[in-house]
Each structure stands twice: as structure tokens, then as C-alpha cells.
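Novice:
Protein chains in written order, with the working numbering: chain A, 14 to 104; chain B, 8 to 382.
1. Is there a Cβ of chain B sitting closer than 8 Å to that of residue 60 (chain A), yes or no?
2. Does any residue of chain B bring its CB to less than 8 Å from the CB of residue 100 (chain A)?
3. Residue 156 (chain B): which of B:36, B:321 and B:172 sits nearest, CA to CA?
4. What is the C-beta distance between residue 20 (chain B) and residue 377 (chain B), in whole angstroms, given that I count them as a contact (C-beta under 8 Å)?
5. Counting only C-beta atoms, is residue 343 (chain B) closer than 8 Å to chain A at any point?
6. On the DSSP letters alone, give me the boundaries of the beta strand (DSSP E) that residue 39 (chain A) sits inside.
7. Kindly indicate if chain B contains any beta-carbon less than 8 Å away from that of residue 51 (chain A).
8. Going along the chain, which residues of the segment 171 to 197 of chain B sit with their C-beta nearer than 7 Å to a C-beta in chain A?
9. Go through its chain and collect everything with a Cβ distance to residue 74 (chain A)'s Cβ below 6 Å, but skip five positions before and after it.
10. Do you know how far the Cα of residue 272 (chain B) is from the Cα of residue 245 (chain B)?
11. Which parts of the segment 27 to 85 of chain A are runs of the alpha helix (DSSP H), unbroken and 4 residues or longer, counting only runs that do not cross its ends?
12. Which chain A residues sit within Cβ distance under 7 Å of residue 281 (chain B)?
13. Check this for me: beta carbons of residue 150 (chain B) and residue 89 (chain B), under 8 Å apart or not?
14. Spell out a yes or no on whether the segment 84 to 104 of chain A and the segment 16 to 35 of chain A are touching, meaning 3 or more CB-CB pairs, one atom from each, closer than 8 Å.
15. I'd like the span of the alpha helix (DSSP H) that includes residue 145 (chain B), first residue to last.
16. Only counting the same chain, and skipping five residues up and downstream in sequence, which positions put a Cβ closer than 8 Å to that of residue 130 (chain B)?
17. For residue 57 (chain A), which residues from the same chain have a beta carbon less than 7 Å from its beta carbon, with the 5 sequence-adjacent residues on both sides left out?
18. Pull up the distance between the alpha-carbon of residue 223 (chain B) and that of residue 104 (chain A), whole angstroms please.
19. Are the segment 199 to 219 of chain B and the segment 165 to 181 of chain B touching by the rule of at least three beta carbon pairs closer than 8 Å?
20. DSSP beta-bridge partners for residue 19 (chain B)?
21. Can you find the residues in the same chain that come closer than 6 Å, C-beta to C-beta, to residue 62 (chain B), ignoring five residues on each side of it along the sequence?
22. I need the straight-line Cα distance from residue 112 (chain B) to residue 30 (chain A), nearest angstrom please.
23. Could you check the C-alpha separation between residue 148 (chain B) and residue 29 (chain B) for me, to the nearest Å?
24. For residue 356 (chain B), does the three-state DSSP call read helix, strand or coil?
25. Residue 88 (chain B) versus chain A: which residues are under 7 Å apart at the beta carbon?
26. DSSP three-state call for residue 127 (chain B): helix, strand or coil?
27. Strictly below 7 Å CB to CB, what residues from chain A border residue 150 (chain B)?
28. In the DSSP assignment, find the unbroken beta strand (DSSP E) run with residue 157 (chain B) in it and report its ends.
29. Does chain A have any CB closer than 8 Å to the CB of residue 154 (chain B)?
30. With a 10 Å radius around its C-beta and 16 neighbouring C-beta atoms as the bar for buried, classify residue 7 (chain B) as buried or exposed.
31. Under 8 Å between the Cβ atoms of residue 158 (chain B) and residue 184 (chain B)?
32. Determine, using beta-carbon pairs with one atom in the segment 29 to 42 of chain B and one in the segment 254 to 273 of chain B, whether at least three such pairs fall under 8 Å.
33. Sorry if obvious, but does the Cβ on residue 224 (chain B) come closer than 7 Å to a heavy atom of the ligand GDP?
34. Confirm, please, whether the CB-CB distance from residue 324 (chain B) to residue 302 (chain B) is below 8 Å.
35. Looking at chain A, which residues of the segment 238 to 260 of chain B have a Cβ within less than 7 Å of any of its Cβ atoms?
36. Would you check if the distance between the CB atom of residue 200 (chain B) and the CB atom of residue 346 (chain B) is smaller than 8 Å?
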């Protein structure tokens with residue numbers, strides 16, 4: 014199984030993409046749909062294959078300056094690992 | 008009332024395979040009754056307007072339609088996520104490239120067993136070797152790839168080998184679906200229903216594979232309800248999330264609903280999908296909870312399983328409004344217990360390999376009947 018590290022570049026797995034509407038975006042994947050809101054949506058919008066995990070965490074940290082140190086990184090990792098197990102995100 | 012999320016379209020009932028558990032109705036739609044390309048394209052756009060996100064192109068064998076590329080292009084223009092459910096027969100490397108370029112999102116390829124002889128025996132035709140080749144072509148594209156295996160008494164003991172064989176094809180997802188006993192599978196239930204011991208081993212095999220392949224292959228299992236304590240939430244509830252259009256354009260709440268007598272199914276040739284979803288008698292019939300008898304009506308589980316499956320209730324009890332007999336609380340639960348006692352028993356199968364279809368049909372007569380082609 015792929016390990017998630019600072020240098021990992023998360024992106025949608027094959028056959029996974031945005032759908033729905035701009036007001037209510039969803040992620041579409043084989044046999045399923047997930048509604049993503051708030052931080053989840055912000056993270057996934059950064060998963061376009063351009064940014065590393067470290068860069069994504071940095072962007073979020075500058076956006077949510079009041080979050081306790083280390084919490085954002087832990088949350089992003091948990092979120093991406095869950096989506097990786099569902100074969101929605103590759104890294 | 009919520010919007011449907013997925014549209015299942017049986018675009019044809021023609022199929023080069025003769026699988027003994029086919030989910031199509033026993034009465035198949037003929038080619039001359041099939042909807043035209045323009046009808047389907049209109050249905051896709053109406054579905055998207057209704058809030059549908061997923062389109063499932065299935066059959067029969069959807070590749071039997073020469074307009075498949077056009078249908079995919081139209082579905083993508085309507086912003087639908089396009090799933091193709093196929094046996095792979097009728098696919099060449101070039102045609103696959105055309106389908107992918109048309110915008111296909113996900114391809115689900117069916118397999119019947121781990122070895123060629125056995126798989127072809129179940130499918131009633133020589134299909135297995137071609138499927139392996141198709142799987143290799145699929146991996147040349149960036150597209151989601153699922154392998155589907157329908158599990159029953161005649162292949163369940165090969166599940167471990169099957170998972171290993173499918174793993175070698177590098178799918179993103181494996182669907183391990185126990186046969187559901189409607190139509191052809193119900194007719195062949197005495198040859199297909201697994202024993203309790205077989206099922207328990209299979210569950211352990213799938214759990215081990217799921218653990219081992221986590222992060223690499225996603226495994227989804229459809230459990231066999233005859234061995235369950237409670238019924239499945241069939242179709243996520245009647246007229247609640249899904250609608251199905253048959254090759255002739257009839258809109259049904261599920262694959263099997265055509266068996267329920269006295270139902271009127273409206274046709275997309277005469278009505279919009281929106282009208283059908285809101286007003287069609289067939290969709291209203293078992294929507295919500297008003298139709299429920301006891302013990303469902305006062306049961307907490309009704310919010311989870313919606314009273315189980317109406318078609319199964321009809322097929323087994325003769326009354327589509329009865330509690331699904333799978334439920335251990337159902338007054339007629341003994342029908343399931345009887346079926347398991349009588350049908351889920353090991354019996355020697357006359358195995359015929361490498362024979363043409365008419366020979367297979369003749370040799371297997373009395374053991375199971377193969378799905379035939381529409382007239």
C-alpha cells in the first residue's frame with residue numbers, strides 16, 4: 014500500500030471526479046457519490062496533482078491560523094487515507 | 008419526495024452469454040421493441056434534470072447496441088457519471104478506446120469463475136479467455152475498473168482462487184455479489200443456493216482479501232439474503248433512489264418489478280421521467296410506509312430496510328405487500344427456511360466443458376436452465 018508522506022501528491026483516482034452543481038458539489042466514483050462540504054471540499058480542491066501533502070497542509074494552516082499545531086496535518090492525513098481506502102484518492 | 012440518484016438502463020436484452028443467474032426478467036424484450044438512440048438521449052437529459060448523478064448502462068449486453076458511443080457522449084453532455092456493466096463480449100481494443108474517448112467513467116466487467124472451463128460452463132458460452140484480454144486493454148486507459156463476480160453454490164468454493172485471478176487483472180474494485188433469487192436465478196435456485204457452511208467460508212475469504220488488499224483494491228460484497236436474519240434494503244427503498252428503464256422504455260422501480268401482477272408501468276415514450284417519478288402508479292405503489300403490514304408497520308427496522316423486497320415477497324408468498332419472508336419476524340419466514348433446507352444442499356453437477364450452447368442446454372437440462380435470447 015502507498016504510504017502518505019510530505020512529498021506525496023494526492024489526486025483523484027481514475028474514474029473519480031467532481032459532479033453535481035457549484036452550490037452542491039459532489040465527488041462521483043464507481044457506484045457512489047459523496048457530498049463534500051467545508052474543509053473536505055477545500056482539501057479535495059487542492060488534490061489536483063499539483064500540490065504535495067506538505068504544500069496542502071501549509072495552505073490550510075495559513076487559512077486556519079487558530080488551529081492547534083499538528084491538528085491540520087493529522088486531519089488531512091486521516092481524510093486522505095479514508096478516501097484512499099475507498100479508491101477515490103491516489104497518492 | 009427525494010430525487011432519484013441513479014438511473015439503470017437496460018438498453019437491450021440481447022446478450023451473447025446465457026448466465027444461469029441472469030437478473031433480467033424471464034420474458035425478455037425483443038430487438039424490434041428497443042428504444043431508439045434519440046429516445047435514450049432524451050431520457051438521459053431528463054434524468055439529469057431530475058437530479059440523477061449516475062447512469063448505469065446495462066443489458067443484456069450493452070455492447071450489442073451499435074450506438075453505444077453516441078449514448079455515452081450524450082450522457083456525458085447531460086453531466087451524468089457513466090457506468091458500463093458488460094461481459095466484454097463484443098469489445099475490441101479499438102472499440103474500447105472509442106468508448107473511453109466518448110467519456111465513459113467506469114467499466115464493470117463480469118467474470119463467472121476462476122478457470123476457463125468452469126466459467127464458460129456457467130456462462131453457457133466461450134467468454135472467459137476474451138474477458139481476460141479485455142481486462143488488459145482496460146488497464147491501458149485511465150478509467151475506473153471493477154471486476155464483478157456473481158457467487159453461488161457452483162463457484163463459491165473457488166472464491167479464493169477467483170480473488171487471486173482477478174487481483175492479477177489490477178482492478179480498482181472487486182464486486183463479489185451473491186446471486187439474488189429472481190428471474191433466472193430463482194428458476195435455478197436448487198442448483199445455485201449456497202449452503203450455510205459454504206457461505207461462512209466465503210465471508211471469511213472476502214474478509215481476508217479485503218484486509219490484504221486495502222488501499223489497493225476496494226472490495227464490495229453483496230450478501231445473500233436467504234441466509235440473513237433481516238431483509239435487504241432493496242433498491243434503497245421502493246421509488247426512493249433509483250429507477251430502471253427496460254429496453255422498450257418501461258420505467259420500473261427495480262429489475263424484477265415486472266413480475267408483480269396488476270402493476271402499470273409507464274413508458275418513457277409517453278411520459279417524461281419527471282412525471283413518471285412523481286406520478287407513475289408503479290412508483291407510488293410501495294413508496295413510503297402506508298402499504299406496510301405488521302410486523303413492519305411498527306418495527307424500528309422499517310427505516311433501514313423499508314420492509315425488504317416487494318418482488319421477493321410476491322415471488323415467494325404470492326402477495327407483494329407481505330413482509331419480505333427473509334425477515335425472521337415475517338409470518339411466512341418458514342418459506343425461506345424451507346428453501347434453504349431443500350435447495351441449499353450439495354449435489355453433483357453434470358459438468359460439461361467446451362461444448363456448444365445447444366449441447367450444454369441439453370446436457371444440463373433438469374439441473375439448471377440457461378438464459379435464452381429474446382425472440
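Beta carbons: idealized from backbone N, C-alpha and C, even for Gly.
All values derive from a computational prediction rather than experimental measurement.
Specialist: Quick look at the numbers:
1. no
2. yes
3. B:172
4. About 15 Å separates the two Cβ atoms, so there is no contact after all.
5. no
6. 38 to 42
7. no
8. 179 and 180
9. 85
10. 14 Å
11. 51 to 59 and 66 to 76
12. Ordered by position in chain A, no residue passes the 7 Å Cβ test against residue 281 (chain B), which lies about 17 Å from the chain.
13. no
14. yes
15. 135 to 145
16. 24, 25, 26, 94 and 119
17. 40 and 49
18. 11 Å
19. yes
20. DSSP output for residue 19 (chain B) lists no bridge partner at all.
21. 14, 82, 87 and 89
22. 9 Å
23. 29 Å
24. coil
25. 32 and 41
26. helix
27. 27 and 28
28. 151 to 158
29. no
30. Residue 7 (chain B) lies beyond the residue range present for chain B, which begins at 8 and ends at 382; the question has no answer from this structure.
31. yes
32. yes
33. This structure lacks the ligand GDP, and indeed carries no ligand of any kind.
34. no
35. none
36. yes
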